[in-house]
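Heads up, our numbering is the position in the sequence shown plus 1, with the first residue counted as 1.
Even glycine gets a Cβ: it sits at the ideal position worked out from N, Cα and C.
In this text the structure is predicted, and so the values were computed from the model without any measurement.
Each remark here refers to the structure printed beneath this line.
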Amino acid sequence: MDDKLVISKYIFNSRLIVGTGKYKNLQETAQAVKNSGAEIVTVAVRRVNILNKDEPLLMDFINPKEIMYLPNTAGCYNSEDALRVLRLARESGGWNLVKLEVLGDSKTLYPNMIETIKAAEVLVKEKFEVMVYCSDDPIACKQLEDVGVVAVMPLGSLIGTGNGIPNKINIKIIKDQSKIPVIVDAGIGCASDASIAMEIGCDGVLVNSAIAKSKNPIMMAQAMKKAVIAGRLSYLAGRMEKSLYANPSTSDENKIS
């Protein structure tokens, strides 16, 4: 089935994006990414070594020619820091497709949407292709789309909490109104959460902690891969209508008395 994820001019077979933080080591990171089938990995420029050749490089384990690196601004709390990090990423690695996140506070890691939109406006003017971590606010997501970002990435729940998607209605509204990809980012805790995101109609899911902090990250990566595929197929197939009362599986026609 020809069902590709299209972000700007890039085309992907997998709808699962995997983070590269929190694993025991880079070997485990690479194996989890392989098992996930992901074609995009997020890279926190401030935290993951992609520049210092005197220490183990992520590139030695995950080939950026085979897996697309998506530099992000994890750890940035204002637009100026976020802009500096992404400009550095483009200058050092040539990366133009980037993930913007500007955090509001260290306790919730909730996005500061005023600073996020401010940074997005500058990045779009500088010809970056910007994917944005944002709140599950349909108005904010529409504002980002109007600015010219290439994908919105509303949180399912707070980063690293594993609480899934408690507010499915907002995510559905965001998807219904958006003409750009909607990718659930943050809060996924298990495979069924990823499947639910896809059944809502989202274009993809980003998962990091749920894989890296599981008891068996390699196995969980494979579970996430299958969950995203299953959820997408379920969405495309179209679920049955709900009914208040039971409907028998077999017809009453020609029933033996």
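- The Cβ atoms of Ile230 and Met221 lie no closer than 8 Å to each other.
- Excluding residues up to 5 positions away in sequence, Val44, Val46, Ala90, Trp96 and Val99 lie with their Cβ nearer than 6 Å to the Cβ of Pro72 in the same chain.
- Using a Cβ distance threshold of 8 Å, Leu207 and Val185 count as a contacting pair.
- Take Asp61, set aside five residues on each side of it, and the residues of its chain with a beta-carbon closer than 8 Å to its own are Leu27, in chain order.
- Assignment of beta-bridge partners to Lys100 by DSSP yields Asn73 and Met132.
- Residue range Tyr11 to Phe13 is occupied by the beta strand (DSSP E) that includes Tyr11.
- Counting every other CB atom within 10 Å of its CB across the protein chains shown gives Pro57 a total below 16, marking it as exposed.
- In this structure, the beta-carbon distance from Glu146 to Ser179 falls below 8 Å.
- For the 8 Å CB-CB criterion, Ile41 and Ile18 form a contact.
- Under DSSP, Asp186 shares a beta bridge with Leu207.
- Boundaries of the beta strand (DSSP E) harbouring Ala45: Ile41 to Ala45, taken from the DSSP string.
- Closest option to Asp106, judged by alpha-carbon separation, among Ala75, Lys126 and Val131: Ala75.
- Residue pairing by DSSP puts Gly20 in a beta bridge opposite Thr43.
- Of the residues Asp204, Gly94 and Met241, the one whose Cα lies closest to the Cα of Lys5 is Asp204.
- When the alpha-carbon of Gly190 is set against those of Pro182, Ile181 and Asn209, the nearest one is in Asn209.
- Contact between Gly188 and Gly163 holds, since their C-beta atoms are separated by about 7 Å, short of 8 Å.
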